[in-house]
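*Asks:* My questions will all concern the structure given below.
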Amino acid sequence: MTAKNSTREFWNSRAESFPRYEAGADTYEGRMLQLARDNGVDFRGKTVLDVGCGSGMYTIRLAQEAATVTAVDISDEMLRILMQDAAAQGLANIRPVLSDWEHFALDERFQIVFASMTPALSDDAAREKLQHYALEQVVFMGFNERKTSDVMAGLYTHYGITPPQFADAPDMRAWLEGRRMPYTALPVDGQWIVPHTRDQLLGACAANLRARGAEPDMAHLAAHIENFRNQNGEYVERTEYSLEMLIWQIS
Numbered sequence: 001m002t003a004k005n006s007t008r009e010f011w012n013s014r015a016e017s018f019p020r021y022e023a024g025a026d027t028y029e030g031r032m033l034q035l036a037r038d039n040g041v042d043f044r045g046k047t048v049l050d051v052g053c054g055s056g057m058y059t060i061r062l063a064q065e066a067a068t069v070t071a072v073d074i075s076d077e078m079l080r081i082l083m084q085d086a087a088a089q090g091l092a093n094i095r096p097v098l099s100d101w102e103h104f105a106l107d108e109r110f111q112i113v114f115a116s117m118t119p120a121l122s123d124d125a126a127r128e129k130l131q132h133y134a135l136e137q138v139v140f141m142g143f144n145e146r147k148t149s150d151v152m153a154g155l156y157t158h159y160g161i162t163p164p165q166f167a168d169a170p171d172m173r174a175w176l177e178g179r180r181m182p183y184t185a186l187p188v189d190g191q192w193i194v195p196h197t198r199d200q201l202l203g204a205c206a207a208n209l210r211a212r213g214a215e216p217d218m219a220h221l222a223a224h225i226e227n228f229r230n231q232n233g234e235y236v237e238r239t240e241y242s243l244e245m246l247i248w249q250i251s
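Taking the UniProt record's numbering, the leading residue of the sequence shown gets 1, the next gets one more, and so forth.
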């Protein structure tokens, strides 16, 4: 199996339990887009490229303001969910593109390029490509530090796995500074609280463990996640995060 196919399989396996679009101005995504607006980003009537769009938590909000949104992701299941939710919102201005970032290729450019929490921007070539596709502005969100979720922490210990580290905001800042490109940095700290069904959380835990070389004991997983069941029967996962929104202009 190629690395690309392995990555696609991982994200496809996560799609069903991945957070989806949620209406309302006071959601996490709503607050983050308002932060961008408050710092000079106007999505209204613009052409937008959403890099690593996932299930469309931001894509749908962007499409409610933008002229068009091109949404690229490696996972066909994520894109299926995105388009299903977009149809439910009556949106017809989203163009899905199934591709990893390395092989993404369109002749056009976009007024705003938007990228949130995507592992696709891990090297300078990927960052240069992000810059290439932007005509006016780039909005990037990345981690300064992401702690393991409370659900996964005990599983990593049980299976002897070193918790994965994903801190891409410092690298993006260093890349911008190395090119003497001015930017606005907006730190955001908080906690994600995500309710799951039992099957969703079981599947997500198993996919995470398999992606790190462990074969999960499903009976052990089932017992473990019962510790996170609330009185409503939801399985609630909490993750602390420290991230930055970086905004820069294209000169």
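In this text, a Cβ means the ideal position worked out from N, Cα and C, and glycines have one as well.
Given a cut-off of 7 Å on the beta-carbon distance, is the pair Phe166 and Phe143 in contact?
*Replies:* Against a cut-off of 7 Å, the Cβ pair of Phe143 and Phe166 comes out as a contact.
*Asks:* Going by alpha carbons, who is nearest to His224 out of Arg109, Leu155, Ala214 and Leu246?
*Replies:* Answer by Cα proximity: Leu155.
*Asks:* Whole-angstrom Cβ separation of Leu33 and Arg61, contact assumed at under 8 Å?
*Replies:* Sure, about 6 Å apart at Cβ, within 8 Å.
*Asks:* For Pro195, report the span of its beta strand (DSSP E) as first-last.
*Replies:* Per DSSP, Pro195 belongs to the beta strand (DSSP E) from Thr184 to His196.
*Asks:* Cβ atoms of Asn39 and Ile250: under 7 Å apart, would you say?
*Replies:* Cβ distance not < 7 Å, so Ile250 and Asn39 don't count as in contact.
*Asks:* Note the first and the last residue of the continuous alpha helix (DSSP H) segment covering Pro170.
*Replies:* Start and end: Ala169 to Gly178.
*Asks:* Which residues bound the beta strand (DSSP E) around Arg238?
*Replies:* Counting along the chain, the beta strand (DSSP E) containing Arg238 begins and ends at Tyr235 to Gln249.
*Asks:* Going by DSSP in three states, Asn93 sits in which element: helix, strand or coil?
*Replies:* Three-state DSSP puts Asn93 in coil, outside helix and strand.
*Asks:* Relative to the C-alpha of Gly190, which residue among Arg238, Glu102, Phe140 and Pro163 is closest?
*Replies:* Gly190 has its Cα closest to that of Arg238, out of Arg238, Glu102, Phe140 and Pro163.
*Asks:* What number of angstroms, rounded off, separates the C-alpha of Asn230 from the C-alpha of Thr197?
*Replies:* Roughly 11 Å separates the two Cα atoms.
*Asks:* Just to confirm, is the Cβ distance from Arg44 to Glu77 under 7 Å?
*Replies:* Contact flag unset, no.
*Asks:* On the premise that Ser116 lies in contact with Met141, defined as a C-beta separation below 8 Å, what is that separation, rounded to the nearest angstrom?
*Replies:* Yes, Met141 and Ser116 are in contact; Cβ-Cβ is about 4 Å, under 8 Å.
*Asks:* Give the DSSP bridge partners of Glu145, in chain order.
*Replies:* Per DSSP, Ser242.
*Asks:* What separation, rounded to the nearest whole angstrom, lies between the Cα atoms of Val108 and Ala63?
*Replies:* Checking the sequence shown, residue 108 turns out to be Glu, not Val. Spanning the two alpha carbons is a distance of roughly 18 Å.
*Asks:* With distances taken Cα to Cα, identify the nearest neighbour of Arg173 among Met245, Val188 and Thr148.
*Replies:* Arg173 has its Cα closest to that of Met245, out of Met245, Val188 and Thr148.
*Asks:* Gln131 lies in the alpha helix (DSSP H); which residues open and close that run?
*Replies:* Residues Asp124 to His132.
*Asks:* Just the C-alpha distance for Pro195 and Cys205, rounded to the nearest angstrom, thanks.
*Replies:* Their backbone Cα atoms lie some 14 Å apart in a straight line.
*Asks:* Can you tell me which of Phe110, Glu102, Pro182 and Leu79 puts its alpha carbon nearest to the alpha carbon of Ala126?
*Replies:* The option with the nearest alpha carbon to Ala126 is Glu102.
*Asks:* Roughly how far, in whole angstroms, is the beta-carbon of Val236 from the beta-carbon of Ile193, given that I think they are within contact range, below 8 Å?
*Replies:* With 8 Å as the limit, Val236 and Ile193 qualify as a contact, their Cβ atoms being about 6 Å apart.
*Asks:* Tell me Arg229's beta-bridge partners as DSSP assigns them.
*Replies:* According to DSSP, which records beta bridges pairwise, Arg229 is partnered with Tyr235.
*Asks:* Since Leu82 contacts Leu98 with CB under 8 Å, what's their CB separation in whole angstroms?
*Replies:* Their Cβ separation, rounded to whole angstroms, is 11 Å, which puts Leu82 and Leu98 out of contact at 8 Å.
*Asks:* Report the rounded CA-to-CA distance for Pro182 versus Val72, giving the unit in angstroms.
*Replies:* Distance between the alpha carbons of Pro182 and Val72 is about 27 Å.
*Asks:* One question on the structure: do Ser242 and Glu145 come within less than 7 Å of each other, judged by their Cβ atoms?
*Replies:* Taking 7 Å as the Cβ cut-off, Ser242 and Glu145 qualify as a contacting pair.
*Asks:* Exposed or buried, what is Asn232 when buried is set at 16 or more other beta-carbons lying within 10 Å of its beta-carbon?
*Replies:* With fewer than 16 other Cβ atoms within 10 Å, it is exposed.
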